Amino acid sequence: EKHISIQRHLADLEKLADLKEDEKKPCPLCPEEKFKACYNHKLHRHLQNLHWKVSVEFEGYRMCICHLPCRPVKPNLAGDQAFSKMGAHYHCIICSATIMRRTDMIGHINRHVNKGETESRFITVLAPKSSHEVVKESATDVQVLPNYSTPQKTDSYFNPKMKLNRQLIFCALAVLAEERKPIECLDAFGATGIMGLQWAKHLQSAVRVTINDCNENSVTMIQENCLLNKMKVKLSTMEDDSDEAIGDGEENTDTIEVTKMDANVIMHLRSFDFIHLDPFGTSVNYLDSAFRNVRNLGIVSLTSTDVSSLYAKAQHVALRHYGCNIVRTEYYKELAARIVIAAVTRAAARCNKGIEVLLAVALEHFVLVVVRVLRGPSPADDSAKKIRYLIHCQWCEERIFQKEGNMVEENPYQQLPCDCHGSMPGKTAVILGPLWSGALFNTGFLKRMLFEATQYGLDEVQPLLKTLVCEAECTTFKHFSAHSPYDENKQEECGVYIKTPKTSPESYVVPGKRKNEELIRSAAKRQKSENSAEHPAFYYNIHRHSIKGMNMPKLNKFLTYLSEAGYRVSRTHFDPMGVRTNAPLAQFKTILMKYSTPTYTGGQAEGPVHLAEDVQAEEQVQAAGDSKAEDAEFPEDDKSGVTAAMLTKDYPTACTAD
Numbered sequence: 001e002k003h004i005s006i007q008r009h010l011a012d013l014e015k016l017a018d019l020k021e022d023e024k025k026p027c028p029l030c031p032e033e034k035f036k037a038c039y040n041h042k043l044h045r046h047l048q049n050l051h052w053k054v055s056v057e058f059e060g061y062r063m064c065i066c067h068l069p070c071r072p073v074k075p076n077l078a079g080d081q082a083f084s085k086m087g088a089h090y091h092c093i094i095c096s097a098t099i100m101r102r103t104d105m106i107g108h109i110n111r112h113v114n115k116g117e118t119e120s121r122f123i124t125v126l127a128p129k130s131s132h133e134v135v136k137e138s139a140t141d142v143q144v145l146p147n148y149s150t151p152q153k154t155d156s157y158f159n160p161k162m163k164l165n166r167q168l169i170f171c172a173l174a175v176l177a178e179e180r181k182p183i184e185c186l187d188a189f190g191a192t193g194i195m196g197l198q199w200a201k202h203l204q205s206a207v208r209v210t211i212n213d214c215n216e217n218s219v220t221m222i223q224e225n226c227l228l229n230k231m232k233v234k235l236s237t238m239e240d241d242s243d244e245a246i247g248d249g250e251e252n253t254d255t256i257e258v259t260k261m262d263a264n265v266i267m268h269l270r271s272f273d274f275i276h277l278d279p280f281g282t283s284v285n286y287l288d289s290a291f292r293n294v295r296n297l298g299i300v301s302l303t304s305t306d307v308s309s310l311y312a313k314a315q316h317v318a319l320r321h322y323g324c325n326i327v328r329t330e331y332y333k334e335l336a337a338r339i340v341i342a343a344v345t346r347a348a349a350r351c352n353k354g355i356e357v358l359l360a361v362a363l364e365h366f367v368l369v370v371v372r373v374l375r376g377p378s379p380a381d382d383s384a385k386k387i388r389y390l391i392h393c394q395w396c397e398e399r400i401f402q403k404e405g406n407m408v409e410e411n412p413y414q415q416l417p418c419d420c421h422g423s424m425p426g427k428t429a430v431i432l433g434p435l436w437s438g439a440l441f442n443t444g445f446l447k448r449m450l451f452e453a454t455q456y457g458l459d460e461v462q463p464l465l466k467t468l469v470c471e472a473e474c475t476t477f478k479h480f481s482a483h484s485p486y487d488e489n490k491q492e493e494c495g496v497y498i499k500t501p502k503t504s505p506e507s508y509v510v511p512g513k514r515k516n517e518e519l520i521r522s523a524a525k526r527q528k529s530e531n532s533a534e535h536p537a538f539y540y541n542i543h544r545h546s547i548k549g550m551n552m553p554k555l556n557k558f559l560t561y562l563s564e565a566g567y568r569v570s571r572t573h574f575d576p577m578g579v580r581t582n583a584p585l586a587q588f589k590t591i592l593m594k595y596s597t598p599t600y601t602g603g604q605a606e607g608p609v610h611l612a613e614d615v616q617a618e619e620q621v622q623a624a625g626d627s628k629a630e631d632a633e634f635p636e637d638d639k640s641g642v643t644a645a646m647l648t649k650d651y652p653t654a655c656t657a658d
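As structure tokens, then:
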């Protein structure tokens, strides 16, 4: 039976007291030692103020506070001492537990709801409706539990903020599906199964989808979501090798295989063309298994959500998980991407495999890395050589990768382009890493991803892909054509697609037989010669290097100024105010100062400036060769507060010609 403190209405609680005008009645939820019997008007106020108003509501019922001796007392307490230690408490309507504080009771009920335990143990309480909520994303419906976006409180984790991440992975898989069909793809951490369902629903016969999760509740929910999207389910577990087919699907192409086993186990047992890892936190524990059986020229994508360690907020955790020393820098997001790629490279090299980085994205909530697997010891050695240490100056934020070789240098500071070590006291630089020093993008692959995003109507991811294409080519925004890039960038020879000489990194994608390895090797040599102009590593934040007392030019104009100076330049998705360029930091600051205009708030506050003096000052500055000083005001008299000596002292760049 349910406890008397659990009632629907206040009148039901008053019926327990059997209120009568001519008799005194005790409170049904308080012992007589605490509240003596009284008349109905006083008892009504007591029940309303001390029990009903502080109750906890759930599914139309109120769990009122109870002062009866329901809780067990410690054996060393007795008599009045035991009564004083009893205290008020609540009775849970679901599990009949007794909770003392109201806030704890609310949290206790919420934990039941998050776990799906909403059916009361009492017969008198009606069973509530299903707590599952249906969420739709990219024409795919999934059932989720309440608080589905909190991984600590629910088994089937679904984060709506990761929609951009799922669309990027889908575009990468769609590109691979165009290269070879059918492909076997694995979502190692299914949760609700949203990602695998999107793959199967849109790519259909081009993919054979396997969704895995080690949690039994998640596997059940994945099966329900497959049936909700009219997909046939093939269930297989590690304990039972027999497969069960569930659903009304007629064709094998609509069948999704759902497995219940550890991610490391399924990747050790089976081979796949496409593997996606999205665990809660770091993914380094699953990299060895992922590269063990992945097929040649297959793709491995991984999403790391441990941004606190990767973004240098928990540096000791980054050292423990990735074996990398890092500090907080202005380019911390790209630093995080290179840390993850270095861990991926080492894991692949242990399996005698190399990698080609197709895509690296670091946003607010995650770091996404997509790599292509190149089987063989030679690609493994080439990839391992691209892992280097980084020398970072803590004064000016200049940075450079250490030179190749094992010889110890006398003065590592000489490798830095800046002279902060000579002009500043103490040790000015730190060594970060090891990090990936190669390119972060494959231009041809990104163009094909953009084409697939347009074909499938993924509007949210298209602006990001356009930014990535420009960043990969290190150019400013340009016009993107709507025709297919497959016809332009590939030529077919003996079953192996090889890019034309106009394109940049490796993109041979369709695997041929071993007799075609010479074609692949020759294509790699040709692409290596084409990539003589290395992709600029890292970027500079224009606000971080601004000059105090100067108005910076607009970012797009500044990109034009750097390009006119002969440097490669582009914007970056890592930082909205970042500039990726091969210009050294000193030249970057020089151009930034050249096109910045000074601000004179103090000089104009002392008195008005005459027009004739303004014209005269502008003519003098223009004669000095500064084309951007027409908006500045340099009066000649002492009333303005700015003299010629002050002008020469504070702004030597503008007055060098004088």
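202 is the number that the UniProt record's numbering gives to position 202 of the sequence shown; each next residue is one higher, with no gaps. From the three backbone atoms N, C-alpha and C, an ideal C-beta is built for every residue, glycine too. Computed from a prediction, not measured in an experiment: that's the story for all the values here.
Starting from T560, trace the alpha helix (DSSP H) both ways and give me its first and last residue.
555-564
DSSP state of F274 mapped onto helix, strand, coil
strand
Assuming S563 and C474 are in contact, meaning their beta carbons sit under 8 angstroms apart, how far apart are those beta carbons, in whole angstroms?
At roughly 10 angstroms, the Cβ-Cβ gap does not stay under 8 angstroms, so S563 and C474 are not in contact.
Given this structure, state the Cα-to-Cα distance separating I498 from M449, to the nearest angstrom.
With a pLDDT of only 36 at I498, under the threshold of 50, the placement of this residue in the model should not be trusted, and no figure is reported.
What whole-angstrom Cβ distance do Y311 and Y331 have, given they're in contact under 8 angstroms?
Not a contact, Cβ separation roughly 11 angstroms.
Residues that Q7 bridges to, as DSSP identifies them
R62
Applying the 10 Å Cβ sphere with the 16-neighbour rule, what's the burial state of Q48?
exposed
Strictly by DSSP, which residues pair up with L16?
According to DSSP, L16 bridges with nothing at all.
T454 lies in the alpha helix (DSSP H); which residues open and close that run?
443-455
Counting Cβ pairs closer than 8 angstroms, one from the stretch 583-593 and one from the stretch 375-382, do we hit at least three?
no
Counting C-beta neighbours from all protein chains within 10 Å, is the total for L269 16 or more, i.e. buried, or is it exposed?
exposed
Out of curiosity, what's the CA-to-CA distance linking Q7 and D22?
26 angstroms
Can you round the beta-carbon distance between P417 and E398 to whole angstroms, since I take them to be within the 8 angstroms contact cut?
6 angstroms
Measuring CA to CA, which of M593, T282, H9, C470 is closest to L368?
T282
Is it right to say F538 is buried, meaning 16 or more other beta carbons lie within 10 angstroms of its own, or is it exposed?
buried
Kindly confirm or deny that the stretch 168-188 and the stretch 100-108 touch, where touching means at least three C-beta pairs closer than 8 angstroms.
no
Looking at the unbroken alpha helix (DSSP H) that takes in D187, where does it start and where does it end?
Counting along the chain, D187 falls outside any alpha helix (DSSP H), though it belongs to the beta strand (DSSP E) covering 183-187.
Per DSSP, cross-strand counterpart(s) of Y540
V579
What do you reckon, are the CB atoms on T192 and M221 nearer than 9 angstroms?
yes
In angstroms with no decimal places, state the Cα-to-Cα distance between E452 and D278.
22 angstroms
Are the beta-carbon atoms belonging to residue 711 and L363 less than 9 angstroms from one another?
Residue 711 lies beyond the stretch modelled for the chain, which goes from 1 to 658, so this question has no answer here.
In DSSP terms, what Y90 is bridged to:
I99
Residues near K353 by beta carbon distance below 6 angstroms, same chain, minus five either side:
F291, V373, R375, A380
For the alpha helix (DSSP H) that contains E133, what are its first and last residues?
Premise fails: E133 lies in the beta strand (DSSP E), 133-137, not in any alpha helix (DSSP H).
Beta-carbon proximity check, I256 vs K234, cutoff 9 angstroms:
yes
Since V265 is in the alpha helix (DSSP H), which residue starts that stretch and which ends it?
263-269
Same chain, Cβ closer than 7 angstroms to E224, neighbours up to 5 away in sequence not counted:
Q143
To the nearest angstrom, report how far apart residue 662 and H112 are at their CA atoms.
Lying before the first or after the last residue shown, residue 662 is absent from the chain, which here runs from 1 to 658.
Between which two residues does the alpha helix (DSSP H) containing Y413 stretch?
From DSSP, Y413 is part of no alpha helix (DSSP H); its letter is neither H nor E.
Output the boundary residues of the beta strand (DSSP E) element that contains T255.
255-260
Please state whether DSSP places L390 in a helix, a strand or coil.
strand
Thinking C-beta only, is N582 closer than 9 angstroms to residue 715?
The structure shown does not extend to residue 715, since the chain spans only 1 to 658, so no value can be given for it.
Give, in chain order, every unbroken run of the alpha helix (DSSP H) that is at least 4 residues long and sits entirely within the stretch 276-356.
287-293, 307-310, 315-322, 332-350
Which two residues bound the contiguous alpha helix (DSSP H) that contains L47?
40-47
Taking all protein chains shown into account, do 16 or more other C-beta atoms lie within 10 angstroms of the C-beta of Q14, making it buried, or fewer, making it exposed?
This sequence places Glu at residue 14; Gln is not what is there. With 16 or more Cβ atoms within 10 Å of its Cβ, E14 is classed as buried.
So is the beta-carbon of K594 under 8 angstroms away from any non-hydrogen atom of the ligand GDP?
Summarising the ligand content, the structure contains no ligands, and the ligand GDP is consequently not present.
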